[in-house]
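My numbering numbers the first residue of the sequence shown as -19 and each following residue consecutively.
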Amino acid sequence: MPVKLPGYSPSPHSAAGRARLGGVSGPKPDWLRIKVETGPGYNRVRRLMRELSLHTVCEEARCPNVFECWTRGTATIMVLGDVCTRRCGFCAVATGRPAAPPDPAEPDNVARAVAELGLKHVVITSVDRDDLPDGGAAHFAAVVRALHAALPECAVEVLTPDFKQDPERALELVLAERPAIFSHNIETVPELYRVARPGSRFEHSLDLLRRASARKAAFGGRTKTAIMLGLGETDAQVHGTMRAVREAGVDIMAMGQYLRPTAEHLPVQRYVSPAEFARFRDFGLGLGFAHVEAGPLVRSSYHAEQQAGG
Ligand code: SF4
């Protein structure tokens, strides 16, 4: 069982604090309506994950695309357990002190799941594991190794934590396994880190992306990041963040609408229209990103298989 950290509350804000933050009210715009449809593909992914004791960020983070992605037979596997040591105000993943060390069977179980799903591209992510000396980097490396050994044709994308203990050593371990994409999510603009990511620092995340991008020739892959819009950022702040990320050498950027997972999480401050997302995408392409995936329901792993090549 996860142990709750002292003083923990699911959001960094009290009820009074959340009330002060305000946010939009009323029904969601039409472009955020989701078709809830499950079929054989959805049930197959669900059964497989249960059978192999695997977690997905699709379920744990309450991703709005879970019906579409699972029905298509794709999922983002979340390794290193289902309890995160950070307390981001936007994230639905359970938080606390993980009760168990990394599962040594997990790398092979991930490879079995991906083989059974027949994926040509898989995204592997994790909770933050600040309780581990390497932040979980060796486990990430073991998962990529197992996938490459079992499925040499499958492109592996890793979406990692910030490895704040020792980013250089963590990158050495993970990039030695030559993932097709190294991804780390910047999540929001630096001005909102204190509110949205109280345990993290923008500069540290940017530095991790910069270090990984500097090693692209050595590991032979691309680098990627993602942010959510609707947490209270201005367009100018989004542009500044995109510019900083591009200057760090990142190739791919994903941008989507923040959706409040529960009333305990940060409120939505604005709904960004598809036309506004299209303008951000054009801005990003103008900065030189190889690919910008931008839209209300875009998540970092949404249509990820289309971003690896070229
Ligand atoms: S967008 Fe990513 S996290 Fe969401 S359901 Fe699809 S694969 Fe899972």
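Heads up, the beta-carbon is just placed ideally off N, CA and C, and yes, glycines get one too.
- Contact between Val94 and Phe120 does not hold, since their C-beta atoms are separated by about 15 Å, which reaches or exceeds 8 Å.
- When distances are taken from the beta-carbon of Ser281 to the heavy atoms of the ligand SF4, the shortest one is below 7 Å.
- Between Ala72 and the set Arg195, Glu40, Ser280, the nearest pair of CA atoms involves Glu40.
- Counting C-beta atoms within 10 angstroms of its own C-beta, Lys204 has 16 or more neighbours from the protein chains shown and is therefore classed as buried.
- Assignment of Gly220 by DSSP, reduced to helix, strand and coil, places it in the helix class.
- Ala74 has its Cβ no nearer than 7 Å to any heavy atom of the ligand SF4.
- Taking the Cβ of Asn45 as the reference point, at least one heavy atom of the ligand SF4 falls within a distance shorter than 7 Å.
- Only buried fits Ile161, as 16 or more other CB atoms lie within 10 angstroms of its CB.
- Between Ala176 and Leu211, the C-beta gap is smaller than 8 Å, which places the two residues in contact.
- Where Leu139 is concerned, the enclosing beta strand (DSSP E) starts and stops at 135 to 139.
- Leu60 places its beta carbon less than 8 Å from that of Arg109.
- CA-CA distance, Ser5 to Arg13, rounds to 16 Å.
- Remark: the C-beta of Val94 is outside contact range of the ligand SF4, defined as less than 7 Å to any heavy atom.
- Nearest to Val16 by alpha-carbon distance, out of Ile207, Glu48, Pro178, is Glu48.
- Between Leu188 and Pro159, the C-beta gap is not smaller than 8 Å, which leaves the two residues out of contact.
- Going by C-alpha positions, Pro81 is about 19 Å away from Val37.
- Rounded to whole angstroms, Ala194 and Pro20 show a C-alpha spacing of 43 Å.
- Among the bridge pairs identified by DSSP, Thr36 is matched with Ile57.
- His101 is a Cβ neighbour of Glu137, given a cutoff of 8 Å.
- Our two residues, Gln286 and Ile232, have alpha carbons roughly 11 Å apart in a direct line.
- For Ser106, the number of other beta carbons within 10 angstroms of its own is at least 16, and it is reported as buried.
- Not one heavy atom of the ligand SF4 falls within 7 Å of the beta-carbon of Ala206.
- Taken in chain order, the complete alpha helix (DSSP H) segments of 4 residues or longer contained in the stretch 127 to 194 are 147 to 155, 173 to 176, 182 to 194.
- With fewer than 16 neighbouring CB atoms inside 10 Å of its own CB, Pro7 falls in the exposed class.
- The ligand SF4 has a heavy atom closer than 7 Å to the beta-carbon of Thr36.
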